[in-house]
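In my numbering, the protein residues as written are -1 to 952. Encoded as structure tokens, the structure appears first; notes follow it.
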């Protein structure tokens, strides 16, 4: 595999999390199914690797080590000692950890164990003359807690009581030379000797027997016990024990097998060899291959299948051989004959028929006998032989009229179909089917029509379903005009496969579904064979594998060799069997598919973050909460589903949690994020297989990108307050300047500026700023922004108005509305307000003094509405034309003037009112101001105030 640091792999073991740990001549690596990562501190050769309770024990040039978690540094338990004369201090091979935590290993002459609790080592001599530390010696714990050491020098047994090692008491086996051993689930132990013997021992009684040896007495280097049974491996082959026989599973050429492990979650075998790491994927449980036992011809696929309920399967090959398979036994029942071509294999009335260019043959009395059909002329290929619901015996051809006979008498009918001759000879017919309702359907290539016809027995004629009375001139629903096969669908529907896709019709021929190769992304246009499972999924064969239309997803997926199929060329036999399985013809036999199992996902419902790179530097820990500093703007994320499937069978996608759209990552489990801006991000990653099965387990990553100090929220708030403060100072300064200029010019201007200053005094500005500040402090950014925008716009309008004696009525009402909005925000919407003005006044350029009625509005809010005990205050301002005047009416339902308390507030109120009256009087050039104030009462109780102001139109 690409990425391995060394081709010489000593061991490969999956851990409980799903990662594969690999020991090689270049240290320890981890594999997630997509990439290898080398341990940074274990770079020298690792010869032995053992997993116990999520901790790995290994031996390298430093000594015996323990590794707890790949991202951690290994702990040296006991070091090699190269400075003395004892070579046994320099090796810790064949590592094993027993139930009490003793770490066993071997060296040149001894088996020994290291006790972590005390840090001491106990050694026992087993090979005084041995000079090879690399000899394989399995160490195992048997029932009762004793340790067995099958070594070259014999079978040794260690007992905890007395802490002693001795030869096994059975003399017949205690001096044999052993290679490997395994403890089975029933406590039996199987031993392998260096001369190829296999011995089964019962530790409790000492009884033993010999098992059959491997072919050629190959020496078993190791054993593997899985849910699928017992596996044995030699230096180059792997076998499975099946009912006292050994089936060869795999052969490794030009390499030596060092170690084999099995992953129970993925059902994968990992083979460590001297030429790299090999992944073995067993045939899926959903698949079964029936291989024809023949020699010679290899490219001779099965083109027709007949299933008989009581016996078995009949198969016709392209060369013309007929095979029968039943009860696990193959039988050749017809051999291809020179000068004769076999067309079809059918079952009629529980009898098997073989159609050839020389006639039709019936299986009877254990051989095929000619079937006599009067005046049968074979001018084209025979597609099928069948009996119709009308008790007619039909022989269907590809390019000539159907031969019709009575049944069972087999007398030829003289009456022909009412279709013209061109219907038979001008078209190529490929399939015929009698559906569950007794309707007869014909499919083929019709160059001048659409390839599907239905038999009408009343008219004695095949009716093309392209007839406008059936499909209503909607010819676009056909996938083409060349149909290959017919299948029975659910609820009386029919399925028709063709070049370009397939169609579904109802029992009348009306097309109800179209699946074409373009719209559904089907990899091949040649669709042959079609069937539907009990869930409504439609299976159809192509030259690029088996395709499936998934009903629930309305999507077509592809099954191919990466899913375990022996071939992608599946356009031969296609038959749905009585047990629901699908039988497909392949070059050397028949492929049986359990369609329900085949569509199940092989994802293991795992998704892990396997590596994180920030600014192209790898982080030692893969935490799903990722913190980035100001300068860290590039993030590369690697993840894995840990299913170890072919990458093309897995699809990844991601989305940010604040969006609904998924982004496709394809087959690459990695995500690159560049130019990351400060903020917090939540990213969800999901995985699906090539069959559109979405894995339930997802991966959510939380990324926090910290900003620079000038990008923090507190700095922005401080800057905002500073800007507002400067703006306030500038506004106050500008108002003072305007006031001075107004005093020097004219009393009217003085009055105008006094009015502006009175309304936009620092007290009002200060309150507004305090309101904005309160919203900022409460983190109500939205309302703070609204408040600030209105306040800024009011300031701008006031500044604009300060340079003019008169402004447009529309502009003045806009400014008045801003003032009211700010007061409403301050009072938390204690009252409602509305301004209604005649459209004619707003559209014409009527000029009025700026904010001339604002003091009356302020008086209504501050001294009338604010003192209401409830939040039902109402303020209305009406602007109309009254002859030569503009009339303002300001009305509120406040507490009334009589309720307002006396004091400074009352004095301020009177001062503002007086200025407004002066401004009206000066503007109208009159002796008394056209201002009328009315106290509103109901049964003597104050209910509000109405102010009427008249301004001359100028």
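C-beta atoms are modelled at their ideal positions from N, C-alpha and C, and glycine is treated no differently.
field: For residue 731 and residue 791, the rounded distance between their alpha carbons
entry: Translated into positions along the chain shown, residue 791 becomes position 793. Translated into positions along the chain shown, residue 731 becomes position 733. Between residue 791 and residue 731, the C-alpha separation is close to 18 Å.
- request: In angstroms with no decimal places, state the Cα-to-Cα distance between residue 598 and residue 691.
  value: Here the question's residue 598 lines up with position 600 in the chain shown. Here the question's residue 691 lines up with position 693 in the chain shown. Their backbone Cα atoms lie some 8 Å apart in a straight line.
Through-space distance from residue 93 to residue 278, alpha-carbon basis: To locate residue 278, count along the chain shown from 1; it is residue 280. To locate residue 93, count along the chain shown from 1; it is residue 95. Rounded to whole angstroms, residue 278 to residue 93 spans 25 Å at the Cα level.
Nearest neighbour of residue 224, chosen from 568, 280, 106, 619 [CA to CA] | What you label residue 224 is simply residue 226 of the chain shown in a count that begins at 1. If you compare the alpha carbons of 568, 280, 106, 619 with that of residue 224, the shortest gap goes to 280.
Item checked: For residue 891, the three-state DSSP class (helix, strand or coil) -> Counted from its first residue, the chain shown places residue 891 at position 893. Here residue 891 carries a coil assignment [DSSP, helix/strand/coil].
For residue 422, report the span of its beta strand (DSSP E) as first-last.
The sequence position of residue 422 within the chain shown is 424, counting from 1. Where residue 422 is concerned, there is no enclosing beta strand (DSSP E), although the alpha helix (DSSP H) it sits in stretches over 419 to 423.
Practice item. Within 10 angstroms of the Cβ of residue 82, are there 16 or more other Cβ atoms? Answer buried if so, exposed if not. Key: Reading the chain shown from its first residue, position 84 is the one you call residue 82. Burial check for residue 82: the Cβ neighbour count within 10 Å stays below 16, so the residue is exposed.
Task: Distance between residue 107 and residue 127 (C-alpha atoms, nearest Å) - done: As a position in the chain shown, residue 127 is number 129, starting the count at 1. As a position in the chain shown, residue 107 is number 109, starting the count at 1. Cα to Cα, the separation comes out at about 7 Å.
Query raised in the report: Closest to residue 409 by CA distance: which of 373, 386, 429, 388 is it?
Result: The sequence position of residue 409 within the chain shown is 411, counting from 1. Between residue 409 and the set 373, 386, 429, 388, the nearest pair of CA atoms involves 373.
Let's test the definition: count the other Cβ atoms within 10 Å of the Cβ of residue 79 and tell me whether it reaches 16, buried, or not, exposed. As a first step, residue 79 must be located in the chain shown, where it is residue number 81. By the 10 Å Cβ count, residue 79 comes out exposed.
When 212, 772, 921 are compared against residue 194, the one with the closest alpha-carbon
Mapped onto the chain shown, residue 194 falls at position 196. The residue with the shortest Cα to Cα distance from residue 194 is 212.
Beta-carbon proximity check, residue 763 vs residue 726, cutoff 8 Å
Position 765 of the chain shown, counting from 1, holds the residue named residue 763. Position 728 of the chain shown, counting from 1, holds the residue named residue 726. Contact flag set, yes.
Residue nearest to residue 144 in terms of C-alpha spacing, selected from 129, 134, 16, 160:
On the chain shown, position 146 is the one that residue 144 refers to. Closest by alpha carbon: 160.
### Query
Run through DSSP, which three-state label would residue 483 get?
Reading the chain shown from its first residue, position 485 is the one you call residue 483. Strand, per DSSP.
Contacting residues, own chain, Cβ-Cβ under 6 Å from residue 429 (five flanking each side not counted)
In the chain shown, residue 429 corresponds to position 431, counting from 1. Correct list, in chain order: 441, 483, 484.
Helix, strand or coil at residue 652 [DSSP, three-state] | Within the chain shown, the letter at position 654 stands for residue 652. Residue 652: strand per DSSP, three-state reduction.
Please classify residue 646 as buried or exposed, where buried requires at least 16 neighbouring CB atoms within 10 angstroms.
Reading the chain shown from its first residue, position 648 is the one you call residue 646. Its Cβ having fewer than 16 others within 10 Å, residue 646 is exposed.
Query - Best match in 254, 492, 197 for proximity to residue 527 [C-alpha to C-alpha] - result: Sequence index remark: in the chain shown, residue 527 carries index 529 (1-based). With respect to the C-alpha of residue 527, the residue from 254, 492, 197 having the closest C-alpha is 492.
By the three-class DSSP mapping on this structure, what secondary structure does residue 783 have? Within the chain shown, numbered from 1, the residue matching residue 783 stands at position 785. Helix.
Mind checking residue 476: buried by the 16 CB within 10 Å criterion, or exposed? The residue labelled residue 476 in the question sits at position 478 within the chain shown. So residue 476 ends up on the buried side.
Any 3 or more C-beta pairs closer than 8 Å across the segment 806 to 815 and the segment 771 to 786 | With the cut-off at 8 Å, the segment 806 to 815 and the segment 771 to 786 do not touch.
Restricting to runs no shorter than 4 residues, where is the alpha helix (DSSP H) found entirely within the segment 83 to 170?
Secondary structure within the segment 83 to 170: not one fully enclosed alpha helix (DSSP H) run of 4 or more consecutive residues is present.
**Item:** Among 865, 823, 877, 845, the one whose alpha carbon lies nearest that of residue 834
**Value:** Mapped onto the chain shown, residue 834 falls at position 836. The residue with the shortest Cα to Cα distance from residue 834 is 877.
Checklist entry - Excluding sequence positions up to five away, which residues of its chain have a Cβ less than 7 Å from the Cβ of residue 423? => result Here residue 423 refers to the residue found at position 425 of the chain shown. These residues qualify, in order along the chain: 397, 398.
Delimiting residues of the alpha helix (DSSP H) encompassing residue 809:
In the chain shown, residue 809 corresponds to position 811, counting from 1. Its alpha helix (DSSP H) spans residues 807 to 824.
Worksheet item: Does the distance from the CB of residue 543 to the CB of residue 287 come in under 8 Å?
Response: Against the chain shown, residue 543 aligns to sequence position 545. Against the chain shown, residue 287 aligns to sequence position 289. Note that the C-beta distance between residue 543 and residue 287 is not below 8 Å.
Can you say whether residue 15 is buried or exposed, counting buried as having 16 or more other CB atoms within 10 angstroms of its CB? Here the question's residue 15 lines up with position 17 in the chain shown. Classification for residue 15: exposed.
Handout entry: Residues near residue 623 by beta carbon distance below 7 Å, same chain, minus five either side
Key = Stepping through the chain shown from its first residue, residue 623 is reached at position 625. If we look at residue 623 and ignore the five residues flanking it on each side, its Cβ neighbours are 700.
Determine the contact status of residue 591 and residue 607, defining contact as a CB-CB distance below 8 Å. One-based indexing of the chain shown puts residue 591 at position 593. One-based indexing of the chain shown puts residue 607 at position 609. If you check the CB distance, residue 591 and residue 607 do not come in under 8 Å.
Can you find the residues in the same chain that come closer than 7 Å, C-beta to C-beta, to residue 663, ignoring five residues on each side of it along the sequence?
Counting from one through the chain shown, the residue named residue 663 turns up at place 665. These residues qualify, in order along the chain: 650, 651, 652, 669.
- Task: Along the beta strand (DSSP E) that carries residue 231, what are the first and last residues, could you check?
- Result: On the chain shown, residue 231 is found 233 positions in, with the first residue counted as 1. From DSSP, the beta strand (DSSP E) with residue 231 extends over 227 to 231.
Checklist line | First and last residue of the uninterrupted beta strand (DSSP E) at residue 394 | finding: Taking the chain shown and counting its residues from 1, one reaches residue 394 at position 396. Per DSSP, the unbroken beta strand (DSSP E) holding residue 394 starts and ends at 390 to 395.
Output yes or no for whether 8 Å exceeds the beta carbon distance between residue 855 and residue 944. Position 857 of the chain shown, counted from the first residue, corresponds to residue 855. Position 946 of the chain shown, counted from the first residue, corresponds to residue 944. No Cβ-Cβ contact shorter than 8 Å links residue 855 with residue 944.
query = Would a C-beta distance cut-off of 8 Å place residue 604 and residue 695 closer than the cut-off?
reply = In the chain shown, the residue the question calls residue 604 occupies position 606. In the chain shown, the residue the question calls residue 695 occupies position 697. Using a Cβ distance threshold of 8 Å, residue 604 and residue 695 count as a contacting pair.
So, for residue 163: in the same chain, excluding its five sequence neighbours on each side, which residues have a beta-carbon less than 6 Å away from its beta-carbon? Residue mapping note: residue 163 aligns to position 165 of the chain shown, counting from 1. Hits under 6 Å: 122, 154, 156.
Between which two residues does the alpha helix (DSSP H) containing residue 869 stretch?
-> In the chain shown, the residue the question calls residue 869 occupies position 871. Where residue 869 is concerned, there is no enclosing alpha helix (DSSP H), given that its DSSP letter is neither H nor E.
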